[in-house]
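Chains as they are written, first to last, in my numbering: chain X, 1 to 624; chain V, 1001 to 1181. All C-beta atoms, glycine included, are put in the ideal place defined by N, C-alpha and C. A quick note: this is a predicted structure, and the numbers were derived from the prediction, not measured. To keep things clear, I will list the structure first and then write my remarks on it.
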């Protein structure tokens, strides 16, 4: 189908105009990057050959940062500086953090978002996430741009559908920090639906059940001739596979009667809990075996029944939001044609069974639950970049997950835009003054479903000033909410008779101020310089090692070609090279390599001559 | 489907919701036709189609898509549709004022509320919801007839009662949710 493409003007750019766009699944446990090439969406592997990048970031003293498997390998040894599941902290204060007592981190209760004190300084979850995104960006640039001077056009980044404004804003900030042009934040279950729906030419009502490492989403969609219409979405932005690990971890502590654990042992046992959980998805029982720092060993057998029993309530917690989403969509389970399972945690058989029972049908598992979100994001990114061809003429209509409103008298919430409104959306409502001669009105914007302001999340506050003196209840203040296609809100207020106006683009209280972003950007540039240095050193060290090995091999076979003096020079050059390579300055290493090259030059020439002579006398020539 | 870079002149902001979707003005709406027109128009104006366009085109696209979403949501829901038709007729449904309701209706409301409070489990709530759905179906049929014969005074009275009953439906859903937790 990609052999011959005829496109109408403005529809599909010629190949050389094609904009390179990527989709990123920034997950709690793993992250991925994907793109569309030749009309086919595919995940990009890292240099290590893995598609998944563990969402783990380790900070070393001196500013070096390890991301992914390298960080994962050291997590139990250096838990305080190795950040896992940072997505759970995005846009969240310390009071929102689940079980901080079991977290090894040194939390800093900053205003807005919680921060972590590491060996490389205090880090915000936005900065930690940016490290992950930066690795994925580099992966994409290597794979898609090669050495060319072109740039990535933009990225679509997925977020849990149930993420609120603060969490969305934090994700956008992280992408900006990682140097990505964010074309759109896309809800994870919607991304999965796009990938599934286009792949299977699906029509009808589908549910997407997405249980990831740290978040749970459920979305109900109607697919009609290429239109993906989200009818309702629900979930829990603090429920995921991590919580199942944690239950097992607590069970192990109780069973093995362990004393309070060090951060290292905590991380070790949590990592084991995760492995045992994964093993139990395919086996009737598993051995939980670990050796603590004290030398004490933990040796337990866990059966599937034990595990299902201890996590029953977690599974039940996914069913409430699922039923609510169906009710919001004004549908029943019987109306749903298929249930698409997304997220690694849906591999657990008791989750599969519970979902199957609720919908009265076996869930669909014919796609890779780890990759489908990134693929959907890549497809959306390709379309937004203007690369879609005529046969890819589909449209996505998404919704906001949580109601938006303002505070009224008595700390109550007046909802202005209800949850599950299709975006973009706008709505205005009139309010009035409470006191005679009131000259200002405070507008407090909140997000959530509860009646009381204290139970909702505060997004922004602003004041409408300079109201003309009027009797209580006489002023007519029209408050307008506008939600854009990313689900981000702006609010304006206008007194109708006087025309007094005030407006605010909502930057959630939990989001970062622009100067904070600037500071982080600056830090990251400095850090990027550090990165370049580290990489150059690595490259020179590898080169030095290669050279030492080559010379050693040559000496082993042809040392007779050198005089004693020459041999001494070569040995000295090699010793200097070894010393330089052990240091930390890449320029010194490079100079030592050049010197060794010079000193061994005549030796190499003589070896070449000897090889040629050998070749002429009919001997086989294997290596020069 | 042709996507041109120029904005189609399909969204006229002076049109009412019915004109926007090319539907006859009336309480009975052909839902399939409404859905189809909504999708066709969104395909042309949605911001995802203008992600690479100029800022002014992007803004216009957002306004047009917003207008469409608002119109669709209004016509899709029978309650919102009824309220909109009352407004189009130049009447004030008086939602915010506390005008007296017929005593018989208020007594009926008391019964519904008692039943809701007494519902002890999820299936009792389901039963209540089914009963209410039946009641709403009859009342929407009645308001349709009132609109059809142009009796807006009767329609306003019916609408006010429907608001109470729809609120009751929301409260049943909230009770279901509370039970699931």
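Same chain, Cβ closer than 7 angstroms to residue i, five either side skipped, listed in chain order
i	result
residue 128 (chain X)	57, 83 and 86
residue 4 (chain X)	Note that residue 4 (chain X) scores a pLDDT of 38, beneath 50, so its modelled location is shaky; the value from the coordinates is reported in the next line. Nothing meets the Cβ criterion.
residue 405 (chain X)	413, 414, 415, 416 and 446
residue 1112 (chain V)	1168
residue 300 (chain X)	252, 255, 256 and 288
Pair within 7 angstroms by beta-carbon distance, residue i and residue j
i	j	result
residue 290 (chain X)	residue 264 (chain X)	no
residue 171 (chain X)	residue 156 (chain X)	no
residue 329 (chain X)	residue 231 (chain X)	yes
residue 451 (chain X)	residue 403 (chain X)	no
residue 464 (chain X)	residue 503 (chain X)	no
residue 166 (chain X)	residue 217 (chain X)	no
residue 495 (chain X)	residue 467 (chain X)	yes
residue 237 (chain X)	residue 266 (chain X)	no
residue 380 (chain X)	residue 426 (chain X)	no
residue 372 (chain X)	residue 582 (chain X)	no
residue 35 (chain X)	residue 22 (chain X)	yes
residue 1082 (chain V)	residue 1152 (chain V)	no
residue 130 (chain X)	residue 174 (chain X)	yes
residue 348 (chain X)	residue 365 (chain X)	no
residue 134 (chain X)	residue 178 (chain X)	yes
residue 153 (chain X)	residue 20 (chain X)	yes
residue 150 (chain X)	residue 189 (chain X)	no
residue 248 (chain X)	residue 284 (chain X)	no
Limits of the beta strand (DSSP E) - the one that residue i falls within
i	result
residue 207 (chain X)	204-211
residue 43 (chain X)	40-43
residue 115 (chain X)	115-118
residue 1017 (chain V)	Residue 1017 (chain V) -> not in any beta strand (DSSP E); alpha helix (DSSP H) instead, spanning 1017-1020.
residue 216 (chain X)	216-224
residue 69 (chain X)	Here residue 69 (chain X) belongs to no beta strand (DSSP E); instead the alpha helix (DSSP H) covers 69-73.
residue 25 (chain X)	21-26
residue 495 (chain X)	489-495
residue 1032 (chain V)	Unbroken run through residue 1032 (chain V) is the alpha helix (DSSP H), 1031-1045; no beta strand (DSSP E).
residue 150 (chain X)	Segment: none, residue 150 (chain X) is in no beta strand (DSSP E) and carries neither H nor E.
residue 155 (chain X)	154-159
residue 59 (chain X)	56-59
The alpha helix (DSSP H) enclosing residue i, as first and last residue numbers
i	result
residue 200 (chain X)	188-200
residue 437 (chain X)	Run containing residue 437 (chain X): none; DSSP gives neither H nor E here.
residue 1075 (chain V)	1055-1076
residue 107 (chain X)	Unbroken run through residue 107 (chain X) is the beta strand (DSSP E), 106-108; no alpha helix (DSSP H).
residue 578 (chain X)	564-582
residue 327 (chain X)	312-328
residue 177 (chain X)	165-177
residue 129 (chain X)	125-145
Beta-carbon neighbours of residue i, restricted to chain X and to distances below 8 angstroms
i	result
residue 1065 (chain V)	424 and 485
residue 1016 (chain V)	None at all; the shortest Cβ gap to chain X is about 17 angstroms.
residue 1070 (chain V)	425, 426 and 427
residue 1085 (chain V)	Simply none; closest approach about 19 angstroms.
residue 1180 (chain V)	319, 320, 323 and 324
Chain-ordered chain V contacts of residue i [CB-CB under 8 angstroms]
i	result
residue 224 (chain X)	1035 and 1039
residue 409 (chain X)	None at all; the shortest Cβ gap to chain V is about 15 angstroms.
residue 227 (chain X)	1039, 1042 and 1043
residue 183 (chain X)	1051
Same chain, Cβ closer than 8 angstroms to residue i, five either side skipped, listed in chain order
i	result
residue 539 (chain X)	586
residue 253 (chain X)	261 and 269
residue 591 (chain X)	580
Other residues of its chain near residue i: CB distance less than 6 angstroms, five sequence neighbours each side excluded
i	result
residue 61 (chain X)	119
residue 346 (chain X)	211 and 369
residue 310 (chain X)	247 and 251
residue 186 (chain X)	156, 158, 377 and 380
Per-residue contacts from residue i into chain X (C-beta, under 7 angstroms)
i	result
residue 1047 (chain V)	424 and 485
residue 1110 (chain V)	Ordered by position in chain X, no residue passes the 7 angstroms Cβ test against residue 1110 (chain V), which lies about 22 angstroms from the chain.
Interface partners of residue i on chain V, CB under 9 angstroms
i	result
residue 385 (chain X)	1051 and 1052
residue 213 (chain X)	Those within 9 angstroms of residue 213 (chain X) in chain V number zero; the least Cβ separation is about 23 angstroms.
Chain X contact residues for residue i, given Cβ-Cβ distances below 9 angstroms
i	result
residue 1173 (chain V)	324, 327 and 328
residue 1161 (chain V)	Simply none; closest approach about 21 angstroms.
Neighbour list for residue i in chain V, Cβ cutoff strictly below 7 angstroms
i	result
residue 396 (chain X)	1048
Inside the segment 341-405 of chain X only - alpha helix (DSSP H) runs reaching at least 4 residues: 349-359 and 372-384
List, from N- to C-terminal side, the beta strand (DSSP E) runs of 3 residues or more that fit wholly inside the segment 417-487 of chain X. 425-431, 441-447, 457-464 and 477-483
What beta strand (DSSP E) runs, 3 residues minimum, are completely inside the segment 228-297 of chain X? 285-291
Residue ranges of each beta strand (DSSP E) within the segment 1076-1155 of chain V, 3 or longer: none
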